[in-house]
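Read top to bottom, the protein sequences are chains A and B.
In terms of my numbering, the first sequence is residues 1 to 511.
In terms of my numbering, the second sequence is residues 1001 to 1360.
First comes the structure, then the notes that go with it.
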Amino acid sequence: MSTAPGAVIVLRGIVKRFPGVVANDGIDLEIRRGEIHCLLGENGAGKTTLMRILYGLYQPDAGEILLDGCRVRISSPRAALAHRIGMVHQHFRLVPTLSVEENIILGLDEGTGPFLNLARTRQKIERLAAEYGLAVDPKAKVWQLSVGQQQRVEILKALYRDAHILIMDEPTSVLTPQEVEQLFSTLRNLVDAGLTIVFITHKLDEVMRVSDRVTVLRQGRVVATLPTSATDKASLARLMVGREVVFRLDKARHEPGKRVLEVADLHTVSDRGLPALRGVSFSVDAGEILGIAGVSGNGQRELVEVLTGLRRATRGKVLLAGKEITNRSPREIAEAGVAHVPEERIRMGTVPNLSLRENLILKGYRYPPFCRSFFLNRRASTENACRAIALYQIVAPSDATPAKLLSGGNIQRLVLARELSGSPCLIVAAHPTYGLDVGATEQVRQILLKERERGAAILLTSEDLEEILSVSDRILVLFGGEAMGTLKAEEADLGEIGLMMAGTRQTEGAA
Amino acid sequence: MKGLLPFKVERRAVPSGGMVLLVSLLAIVAALAVAAGLFQAYGVSPVRAYGLIVRGALGSPLGLAETVRRATPLLLCGVGLTIAFRALFWNIGAEGQLLLGAVAATGVGLFSGLPDALLLPAMFLAGFLAGAAWGLVPAILKAKLGLNDVITTLMMNYVAMYLVEWLIHGPWKGTQMRGFAYTDKLPDVARLSFIPGTRTPWLTLALGLALAFVAYILVTRTRQGFEIRVVGENPDAARFAGINQVKTILLVMLVSGGLAGLAGVGEIAGVHGMLRSSGQISMGYGYTAIIVAWLARRNPLAVIATSLFFGVIMAGGDVIKSSLGLPFQLINVFNGLILFFLIGSEVLMRYRVSWSGRRR
């Protein structure tokens, strides 16, 4: 096999197996110097695994890696950095209590003897920051920084180590639209300065906007590598999922129903004791989806927790079908007909070591038919599992499979099957498609729409603005714990929502 | 670049039942092998020492009875501990809970003045309640104030130990005992009968076996058991599901402490017939039971087997003391080794090690 000129990295025949799956199945990939190369694929397509091999976190079971034409073995991230390969992980590897500069030199042999020379470090950081437009205060503690700033620290960390090839694993998943803009311009600066960037994503827009070339992965194999200019979103989507994807959701017109949820002047505090909701009022009707838009950390999480009984309101009222449920226990609120699809579906929504069958009765175990007085009714829970597996298309070897072995999409199907089983009158869905692949995302949205048609009131929080726009009937924008206004989805304009997300109050009267 | 080690460690999906058994047995074999070095250092052939232990503990009806006598308190404490450990409540305090059961049984047996027929049942009830109360103190401290359960349960053991010392030197000091720090002997009606031909009480053994079954049903088949498992496996999901964690923690410690208390009753009414120093009453049953429960992988039914195994070890300790003149404490070293290898072996169950040929 010959190597094209300018290829800085060549991967040949990379195979990586995990118990039960082949994550990478003979992957060939060529990264050229000075390009932004997108790795596109659904969850589980093998993108991250491949990049972890390149970064030395995993060892391939077969295949070879060539850097500048020479065969290398990358045994650890340290070895990868020695080859000037850096990686910015999706979940940052930073120590929150340390300062930016301390984080950057962590693990490096800086300074003289046992002493650090932070002044020199700071100079180098400031030089790099100025050169690439990565403004950040070297002395700030990491926990004080926004997510976007933390990402800059991660990039600086790699640059400080002289990385020439930068792997970015789904870098936009945690950013606001404005921060995404900034990131993209940073990436351009880096490429102009001669760096090479591998960008992992499952978002088509980003591929089109930022990359020079794109490689599509599906089920551990390379489907195609194309110059971005020679393709478009629709064909990339086809390559990625192997079928057509519907981007627009068909939904029936919303018929105004009875008022299900009414929230008046709600206040609460965050984990750190700071005000998180400051007088939020809104309502959701039967058969309506209210989308909550906002940059993360503006009160969405706290709102969801107060509504589901996991956090105490310090002031204000929550009424469910006219009855007050403010500060009731999670159990009482669930019994009143509120379903909760939690943001952290693994940490909260499941018990990883219990079986699929048992996870499906996590809330129902205390009611018939799943229990008879003290005893659990195993037959009832088995039948329930069979029904749920069929109805929600949960893919699992059996109902005895521990939840921890299920994929992200199947865990979310499990959670939905359980939460929606009692025909709840209110569904609080927090980031229900976060991290899911295109197919699972579509299924989850269809399920929510079906519940809406059944007459459930749905409160949806999401960081994916497109999702909010396409699924919701009305959109409430939160900023700094306050409602900036409510818009009808069909009249909503991205620019206006963006302004509201940044703290501008709605101008005309509420929709 | 070459790898640091000639093997790879990978995550394993779910360890199978056979795998768990195999790894547990390996841990025991490893502990036996290291202990063999100790015997060697004492100048005793390990083969001979192990032969003596097995023959002494299992080779004769009397030895067997001694093994069962040692295994009974381990069984009762161990079953209780599996339940606490299922809820991830680290009860290191079975020793103290056992002692409190012993204190309560002695108090009722000597001073209650109850009619003969009621005396033993009252001692068992009091012993259960006293052990449970001792266990509930750290449970409440954890549930309400978030205090670390390992520390509090452990500290409660010392309080229990000194309570016993104070009682036998002070207010409860016997009048018939000629200066020894014992209480008076319990009346005969407050004593448990023995398995014929032995000095091993049968009632506590039967109770332990029955409770192992009950605990197994509780954990695997009931609502409360489900709550216990969810709280132990994922407290966040328990909160999400509306499970009352305070109630669950109190329940497991009520049962766990109560069963240890019953073990204490058995030692008083079945073995000693009086309250004496804590070292004589318990010999570290409450601590050994931690290893018993862990070796049983928190399965109450498996505790029947693991408590018998440690019964053999403890009975064997008497043998090596009397016939080889070695210190009984060697047994504690051995117990420690088993726990060490067991915890080490957890890694083996969660990860797979595969040897890879050195690649160039």
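We put the beta carbon where it would ideally sit given N, CA and C, even for glycine.
Asked, Found
"Whose C-beta lies closer than 7 Å to the C-beta of tyrosine 365/A among residues of the same chain, with five residues either side of it excluded?", "Cys371 and Leu376"
"Alanine 1241/B CB to nearest chain A CB: under 7 Å?", "yes"
"Taking only three categories from DSSP, how would you classify tyrosine 1351/B?", "strand"
"Leaving out five residues on either side along the sequence, give the residues of the same chain with a beta carbon under 7 Å from the beta carbon of threonine 233/A.", "The sequence as given places lysine at residue 233/A; threonine does not occur at that position. Answer for lysine 233/A: Leu204 and Met208, listed in chain order."
"Starting from the beta carbon of phenylalanine 1128/B, find every residue of chain A whose beta carbon is closer than 9 Å, and list them in chain order.", "Those do not exist, as phenylalanine 1128/B stays about 20 Å from chain A at its closest Cβ, beyond 9 Å."
"Does DSSP put arginine 209/A in a helix, a strand or coil?", "helix"
"For arginine 505/A and serine 462/A, I'd like the C-alpha separation in whole angstroms.", "20 Å"
"Below 6 Å CB to CB, which residues in the same chain sit around glutamate 30/A once its five sequence neighbours on both sides are set aside?", "Ala7 and Val10"
"What is the rounded straight-line gap between the Cα of alanine 158/A and the Cα of glycine 107/A?", "12 Å"
"Taking the alpha helix (DSSP H) that glycine 1135/B belongs to, which residues open and close that run?", "1116-1145"
"Within 7 Å (strictly less), CB to CB, does arginine 17/A reach chain B?", "no"
"Just how far apart, CA to CA, sit alanine 321/A and alanine 334/A?", "14 Å"
"Leaving out five residues on either side along the sequence, give the residues of the same chain with a beta carbon under 8 Å from the beta carbon of isoleucine 394/A.", "Leu356, Ala388, Leu406, Asn410, Arg413, Leu414 and Ala417"
"Could you give the first and the last residue of the continuous alpha helix (DSSP H) run that contains serine 1278/B?", "1278-1282"
"Pull up the distance between the alpha-carbon of proline 397/A and that of glycine 287/A, whole angstroms please.", "35 Å"
"Closest by CA to leucine 426/A, which one among Leu499/A, Gly480/A and Ile325/A?", "Ile325/A"
"Give a yes or no on whether the C-beta atoms belonging to alanine 1071/B and serine 1307/B are separated by under 7 Å.", "yes"
"When the Cα of glycine 297/A is compared with those of Val284/A, Pro275/A and Gly279/A, which residue comes out closest?", "Pro275/A"
"Run through chain A and tell me which residues come within less than 8 Å of glutamate 1233/B, C-beta to C-beta.", "Val351, Pro352, Asn353 and Leu354"
"Assuming serine 173/A is part of the beta strand (DSSP E), what are its boundary residues?", "Element bounds for serine 173/A: n/a, residue is neither H nor E."
"Grab me the residues of valine 246/A's own chain with a C-beta within less than 6 Å of its C-beta, minus the 5 sequence neighbours each way, in chain order.", "For valine 246/A, the predicted model reports a pLDDT of 45, less than 50, meaning its position is unreliable and no value from the coordinates is stated."
"Nearest-angstrom Cα distance between leucine 303/A and leucine 277/A?", "7 Å"
"Could you work out which residues of chain B lie near arginine 331/A, taking near to mean beta carbons separated by less than 9 Å?", "Ala1241, Gly1242, Ile1243 and Asn1244"
"Should valine 246/A be flagged as near chain B, meaning a C-beta pair shorter than 7 Å?", "Caution applies to valine 246/A, whose pLDDT of 45 falls short of 50 and renders its modelled position unreliable; the value that the coordinates give is listed next. Not closer than 7 Å to any Cβ of chain B, the Cβ of valine 246/A fails to qualify, so no."
"Taking 7 Å as the CB-CB limit, is lysine 512/A close to chain B?", "Since the displayed chain A opens at 1 and closes at 511, residue 512/A lies outside it and no answer follows."
"Comparing C-alpha positions only, which one of Leu54/A, Met87/A, Gln90/A and Val88/A sits nearest to arginine 73/A?", "Leu54/A"
"DSSP puts isoleucine 289/A in a beta bridge; with which residues?", "Ile458/A"
"Within its chain, find whatever has a CB closer than 6 Å to the CB of glutamate 244/A; leave out the 5 residues flanking it on each side and keep chain order.", "The pLDDT assigned to glutamate 244/A is 47, lower than 50, so where the model puts this residue is not dependable, and the model offers no usable value."
"At 3 residues or longer, what runs of the beta strand (DSSP E) sit wholly inside the region 1204-1274 of chain B?", "none"
"Using CA atoms only, rank isn't needed, just tell me which of Val1034/B, Ser1024/B, Ile1092/B and Val1292/B is closest to leucine 1154/B.", "Ile1092/B"
"Would you list the residues sitting across from methionine 168/A in a DSSP beta bridge?", "Val88/A and Phe199/A"
"Within this structure, are the beta carbons of valine 153/A and asparagine 117/A separated by less than 7 Å?", "no"
"Please list the partners that cysteine 371/A has in chain D, where partner means a Cβ-to-Cβ separation under 9 Å.", "Looking for chain D here will not work: the only protein chains present are A and B."
"Could you compute how far the alpha carbon of leucine 465/A sits from the alpha carbon of glycine 503/A?", "16 Å"
"Apart from the five residues just before and just after glycine 194/A, which ones in its own chain have a Cβ nearer than 7 Å to its Cβ?", "Gly34"
"If the cut is a Cβ gap below 9 Å, which residues of chain A does arginine 1229/B touch?", "Val351, Asn353, Leu354 and Glu358"
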